[in-house]
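Report on the following structure.
In our numbering, the protein residues as written are 1 to 304.
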């Protein structure tokens, strides 16, 4: 009997140690890695563009941080579906936005949050960082249907990408925001009007690169880069004058992360889907992600 009791005591002690270790590990995993995150989304920016375009600023982020040019959109590879997935941490089968211009879910959302839509990364910040500032500045009006307007401190629909960026950076730097999402409408315009892969498309791509450089310079000038992570990505690529298909030119998107606690790893081996972006932002800010999200943080980008 004494031997049995002794074994039980040992088992209980080991269990307590394991629980303690697991709790400590969770606490470490939830530790914020940055105070500020800027998500830059460039509409219609296919990963294939890196083969020909001159992109010194994006390549600077790639060299000093981590990246994949084989990240993928969800299907269909079109706008609202993928912008929703990017910030909702799940695909259309759960959030319900299934078309390029979805304003409301065509498929009923599996979960409805306090913002009356499928919960985005902004709802996590609102719930777990209640005093933190967060905002969205976007050129394509369709973005305005995809986040909780009652939970953000900035909701701005710019007429041009230049106006969108100016408003976003005034807000982000002035309010020391925890999260700012900047949506740029180029090079999608050129892709639809003139064609993907055309000289005009590449000119627009290179202009986006210059704007990324300006955003980076602004953050550095404000002395916030040591506490900031910048993520650059897109919703889809394209072929001809369209998108939404199943070719790699339409589905593969750039995914670049740079800044605080991001070692210069360069190319990532991880398989990344656009909904992993929300989970990665949550990880960077030390937030707990909901069980119903399907995205997972790209931990490879943070590891030495």
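Each residue gets a CB set at the ideal place from its N, CA and C atoms; glycine is no exception.
Point to revise | Endpoints, the alpha helix (DSSP H) within which residue 119 is located | key: Residue numbering aside, residue 119 sits at position 119 when the chain shown is read from its first letter. Premise fails: residue 119 is in no alpha helix (DSSP H) and is neither H nor E.
**Study point:** Every unbroken alpha helix (DSSP H) inside the segment 177 to 249 [4 residues or more]
**Key:** 188 to 193 and 199 to 221
Review point. Can you tell me whether DSSP reads residue 30 as helix, strand or coil?
Key: Here residue 30 refers to the residue found at position 30 of the chain shown. Three-state result, residue 30: coil.
Review point. In its own chain, which residues sit with a C-beta less than 7 Å from the C-beta of residue 114, not counting the 5 before and 5 after it?
Key: Residue numbering aside, residue 114 sits at position 114 when the chain shown is read from its first letter. Excluding residues within five positions, the ones whose Cβ falls inside 7 Å are 123.
Check your understanding: Can you tell me whether residue 303 is buried or exposed, with buried defined as 16 or more other CB within 10 angstroms of its CB?
Key -> As a working mapping, residue 303 is identified with position 303 in the chain shown. Its Cβ having fewer than 16 others within 10 Å, residue 303 is exposed.
Exercise for review: For residue 127, name the three-state secondary structure that DSSP assigns.
Suggested key: One-based indexing of the chain shown puts residue 127 at position 127. The answer is helix: DSSP assigns residue 127 an H, G or I state.
Practice item. Compute the Euclidean distance between the alpha carbons of residue 202 and residue 53, then round it to the nearest angstrom. Key: One-based indexing of the chain shown puts residue 202 at position 202. One-based indexing of the chain shown puts residue 53 at position 53. So the two alpha carbons sit approximately 6 Å from each other.
Practice item. Quick one: residues in its chain with C-beta nearer than 6 Å to the C-beta of residue 179, no 5 flanking neighbours on either side, listed in chain order? Key: Along the chain shown, read from residue 1 onward, the residue named residue 179 stands at position 179. Cβ within range, chain order: 37, 125 and 134.
Check your understanding: Cβ atoms of residue 260 and residue 347: under 8 Å apart, would you say?
Key -> In the structure as shown, the chain starts at 1 and stops at 304, and residue 347 therefore has no counterpart that could be examined.
Review point. So, are the CB atoms of residue 238 and residue 250 less than 8 Å apart?
Key: The residue you call residue 238 lines up with position 238 of the chain shown. The residue you call residue 250 lines up with position 250 of the chain shown. A contact, by the Cβ cut-off of 8 Å.
Review point. Anyone know if the C-beta pair for residue 117 and residue 109 falls short of 8 Å?
Key: As a position in the chain shown, residue 117 is number 117, starting the count at 1. As a position in the chain shown, residue 109 is number 109, starting the count at 1. Yes, the Cβ-Cβ distance between residue 117 and residue 109 is below 8 Å.
**Study point:** Best match in 78, 49 and 173 for proximity to residue 220 [C-alpha to C-alpha]
**Key:** Position 220 of the chain shown holds residue 220. Looking at the Cα atoms, 173 is the closest of the given residues.
Practice item. Identify the continuous alpha helix (DSSP H) that holds residue 276 and give its terminal residues. Key: Residue 276 sits at position 276 when you count from the first residue of the chain shown. From DSSP, the alpha helix (DSSP H) with residue 276 extends over 276 to 285.
Practice item. Taking the CB atoms as reference points, tell me whether residue 292 and residue 87 lie closer together than 8 Å. Key: The residue labelled residue 292 in the question sits at position 292 within the chain shown. The residue labelled residue 87 in the question sits at position 87 within the chain shown. No, the Cβ-Cβ distance between residue 292 and residue 87 is not below 8 Å.
Check your understanding: In terms of residue numbering, what span does the beta strand (DSSP E) encompassing residue 147 cover?
Key -> Working through the chain shown from its first residue, we reach residue 147 at position 147. Careful: residue 147 lies outside any beta strand (DSSP E) and carries neither H nor E.
**Study point:** Rounded C-alpha distance that separates residue 132 from residue 45
**Key:** As a first step, residue 132 must be located in the chain shown, where it is residue number 132. As a first step, residue 45 must be located in the chain shown, where it is residue number 45. Looking at the two C-alpha atoms, the distance is approximately 30 Å.
Point to revise | Terminal residues of the alpha helix (DSSP H) in which residue 83 lies | key: Within the chain shown, numbered from 1, the residue matching residue 83 stands at position 83. Residue 83 -> alpha helix (DSSP H) spans 79 to 88.
Practice item. Could you check which residue in 300, 198 and 204 has the C-alpha nearest to that of residue 42? Key: Taking the first residue of the chain shown as 1, we reach residue 42 at position 42. It is 204 whose Cα lies nearest to the Cα of residue 42.
Check your understanding: Can you tell me the Cα-Cα spacing of residue 272 and residue 298, whole angstroms?
Key -> The sequence position of residue 272 within the chain shown is 272, counting from 1. The sequence position of residue 298 within the chain shown is 298, counting from 1. Between residue 272 and residue 298, the C-alpha separation is close to 7 Å.
**Study point:** Reduced DSSP category for residue 48 - H, G, I as helix; E, B as strand; rest coil
**Key:** On the chain shown, position 48 is the one that residue 48 refers to. Helix at residue 48.
Check your understanding: How would you write the range of the beta strand (DSSP E) that residue 66 sits in, first residue to last?
Key -> Taking the first residue of the chain shown as position 1, residue 66 is located at position 66. First-last of the beta strand (DSSP E) with residue 66: 66 to 72.
Point to revise | Counterpart residues of residue 155 in DSSP-defined beta bridges | key: Your numbering for residue 155 matches position 155 in the chain shown. Residue 155 is bridged to 136.
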